Amino acid sequence: MVSSQTDEVYLDYQSARPVDHRVVEAMQPYFTERFGNPASLHGVGDRATEALEDSRAKVAAFLNATPREIIFTSGATESNNLALIGFARRNKRSGNHVVITEMEHISILNIAKYLEQEGFRVTRVPPDQYGRISPERLRARVTDETILVSVGWASNEIGTVQAIPAIAEMLRGTGVALHVDAVAAEGQLPVDMAAVPVDLLSISSNDIYGPQGVGALYVRKGVRLAAVTMGGGQERGLRSGTENLPGVVGMAAAAGIAAGEMSAESVRLAAMRDRLIREVLSNVPDSHLNGHPTERLPNNAHFRFEGIEGESLLLSLRDEGIAVSTGSACSSKTLEPSHTLISCGLLHEEAHGSLELTLGRFSRESDVDRVMQVLPGVVKRLRGLSPLYRAK
Ligand code: PMP
Numbered sequence: 003m004v005s006s007q008t009d010e011v012y013l014d015y016q017s018a019r020p021v022d023h024r025v026v027e028a029m030q031p032y033f034t035e036r037f038g039n040p041a042s043l044h045g046v047g048d049r050a051t052e053a054l055e056d057s058r059a060k061v062a063a064f065l066n067a068t069p070r071e072i073i074f075t076s077g078a079t080e081s082n083n084l085a086l087i088g089f090a091r092r093n094k095r096s097g098n099h100v101v102i103t104e105m106e107h108i109s110i111l112n113i114a115k116y117l118e119q120e121g122f123r124v125t126r127v128p129p130d131q132y133g134r135i136s137p138e139r140l141r142a143r144v145t146d147e148t149i150l151v152s153v154g155w156a157s158n159e160i161g162t163v164q165a166i167p168a169i170a171e172m173l174r175g176t177g178v179a180l181h182v183d184a185v186a187a188e189g190q191l192p193v194d195m196a197a198v199p200v201d202l203l204s205i206s207s208n209d210i211y212g213p214q215g216v217g218a219l220y221v222r223k224g225v226r227l228a229a230v231t232m233g234g235g236q237e238r239g240l241r242s243g244t245e246n247l248p249g250v251v252g253m254a255a256a257a258g259i260a261a262g263e264m265s266a267e268s269v270r271l272a273a274m275r276d277r278l279i280r281e282v283l284s285n286v287p288d289s290h291l292n293g294h295p296t297e298r299l300p301n302n303a304h305f306r307f308e309g310i311e312g313e314s315l316l317l318s319l320r321d322e323g324i325a326v327s328t329g330s331a332c333s334s335k336t337l338e339p340s341h342t343l344i345s346c347g348l349l350h351e352e353a354h355g356s357l358e359l360t361l362g363r364f365s366r367e368s369d370v371d372r373v374m375q376v377l378p379g380v381v382k383r384l385r386g387l388s389p390l391y392r393a394k
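Right under this line is the structure:
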């Protein structure tokens, strides 16, 4: 997206997406004339309840689920907390072991540490060099004590997509529940709860061009959770607190648009992504693709450039009006290398030499043109200054 105000080329959709103007339009009345608290017993409250339940039905349809299976939250971090902590506490009589992967989003990693403090045992499964988790390797870590497995549908960093249908099939009938953080995948790949036996699934609104600060947890019928937030008992007692009505209406509108446009949008973005990858690898010497060559999100290109630091590259591109990322926005202000890249076997300096470019609904071929005009020269200049780089 080239913003008309700044002419900035925005290639950081994984960190934040603009809200679709159709979503803004749908939300607008809910700030003013259609305000209301769904818990109120008067007409204004009734209309708020109607909007809330209509939104729940739309989000459920997006996941091919039933409305009762949708719990609105403040975003994916909260959904992940409710899924893992709520499930572990409620089901601890069945076992005290939880399996996650080394690739998970920081929210899952930190929730897992918290569960360890509460007395649960956590196993972290490593991926292969492309960031893929082998279903068999995951299965091998499941014991009689295991109650829950949590795997992200796709990596928000390197874009690798996991074999969630195979993982879900493998766990079916074992009595072990499966939680999936689908934030990076939603709106880009079909996420169908009637087709894939997932028990708990986290989604967020902004990743489908809805407002920030809203999300949902899908809880398959029959799956029992303990509440993590105590209060007035909203959302079937699982997530107390007045619902964010404009936000929820926005998320539902975004879900409807995503359902209708996803297949065409993914094809368009995947073609643009492939061109970007092809041109970077052939025009920038000693550059490599991180993540899986084919099992990757349609909007994700993630590179490693030998001999330079991703941070210097990001700042030089920023000077040229190109917004990119060195990894997860959720932890980009730390100097630690990306845990995802390290878990794929990259050395610290290799992880530090990496850059993430993510496309989205408003990306144009001209954005890729602009990157290709600038990137090879910037890499060359930085390498000229780098004692680490030896041209081959
Ligand atoms: N999971 C994944 C895969 C993410 O990329 C993010 C951040 N967008 C989150 C969870 C947390 O989402 P939020 O910041 O909306 O709580």
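Those letters in the sequence shown? Residues 3 to 394, per the numbering used here, in order. All residues carry an ideal CB built from backbone N, CA and C; glycine is no exception. Predicted, not measured: the structure shown is a model, and the values here were computed from it.
| Asked | Found |
| --- | --- |
| Using a Cβ distance threshold of 8 Å, determine whether the segment 298 to 313 contacts the segment 157 to 164, with at least three qualifying pairs required. | yes |
| Using only CA atoms, which one of E10, V25, D14 lies nearest to P213? | V25 |
| Could you tell me whether any non-hydrogen atom of the ligand PMP is closer than 8 Å to the CB of T231? | no |
| Closest to L203 by C-alpha separation, out of A272, A85, G379, would be which residue? | A85 |
| Thinking just about the alpha-carbon of each residue, which of G47, G249, V251, V230 is nearest to the one in S242? | V230 |
| Along the beta strand (DSSP E) that carries G154, what are the first and last residues, could you check? | 148 to 154 |
| Where does V198 land, buried or exposed, given buried means 16+ other C-beta within 10 angstroms? | buried |
| Is D183 helix, strand or coil when you go by DSSP? | strand |
| Whole angstroms are fine: how far does the CA of R126 sit from the CA of L191? | 25 Å |
| Here's a check: name, in chain order, each residue in its chain whose Cβ is nearer than 7 Å to the Cβ of N208, leaving out the five neighbours to either side. | A18, R19, Q214 |
| Can you tell which of V216, L278, E352, L387 has the C-alpha that lies nearest to the C-alpha of M374? | L278 |
| Go ahead and pull the three-state DSSP assignment for G379. | helix |
| If I102 and A90 are in contact, beta carbons under 8 Å, what's the gap, nearest whole angstrom? | Wrong, their Cβ atoms sit about 12 Å apart, outside the cutoff. |
| Express the C-alpha separation of M105 and L349 in angstroms, rounding to a whole number. | 16 Å |
| Residues in the same chain with beta-carbon distance under 8 Å from V376, minus the five sequence neighbours each way, listed in chain order, please. | L319, E322, I324 |
| Tell me the rounded alpha-carbon separation between I166 and W155. | 6 Å |
| Could you give the C-beta distance for M264 and G217, rounded to a whole number, given that I count them as a contact under 8 Å? | Wrong, their Cβ atoms sit about 18 Å apart, outside the cutoff. |
| Bridge partners of N302, per DSSP? | T360 |
| What residue range is occupied by the uninterrupted beta strand (DSSP E) comprising I205? | 202 to 206 |
| Between which two residues does the alpha helix (DSSP H) holding H294 run? | Unbroken run through H294: none, as it is neither H nor E. |
| Check whether the Cβ of Q16 lies closer than 8 Å to any heavy atom of the ligand PMP, and answer yes or no. | yes |
| Can you find a heavy atom of the ligand PMP that lies under 8 Å from the Cβ of N93? | no |
| Check whether the Cβ atoms of I210 and A256 sit closer than 9 Å, and answer yes or no. | yes |
| Does the beta-carbon of A260 have 16 or more other beta-carbons within 10 angstroms, so that it is buried, or is it exposed? | buried |
| Counting only the same chain and skipping the five closest in sequence on each side, list residues whose C-beta sits under 6 Å from that of G252. | V25, M29, G212, P213 |
| Using the C-alpha atoms, what's the distance from P378 back to V250? | 43 Å |
| Does the beta-carbon of D22 have 16 or more other beta-carbons within 10 angstroms, so that it is buried, or is it exposed? | buried |
| On a CA-only basis, which of V225, A266, A50, R134 is nearest H294? Give me that one, please. | R134 |
| Does DSSP classify R123 as helix, strand or coil? | strand |
| Could you check whether I72 and V221 sit closer than 9 Å to each other, using their CB atoms as the reference points? | yes |
| With respect to 8 Å, is the separation between the Cβ of N302 and the closest non-hydrogen atom of the ligand PMP below this value? | no |
| My output table needs one value for L43: the three-state DSSP class, helix, strand or coil. | coil |
| Using the three-state DSSP reduction, which class does D14 fall into: helix, strand or coil? | strand |
| Which residues in the same chain have their Cβ closer than 6 Å to the Cβ of I87, if we skip the five residues on either side of it in sequence? | V230 |
| Using beta-carbon positions only, say whether P129 and S345 come within less than 9 Å of one another. | yes |
| List the endpoints of the continuous beta strand (DSSP E) containing A218. | 217 to 221 |
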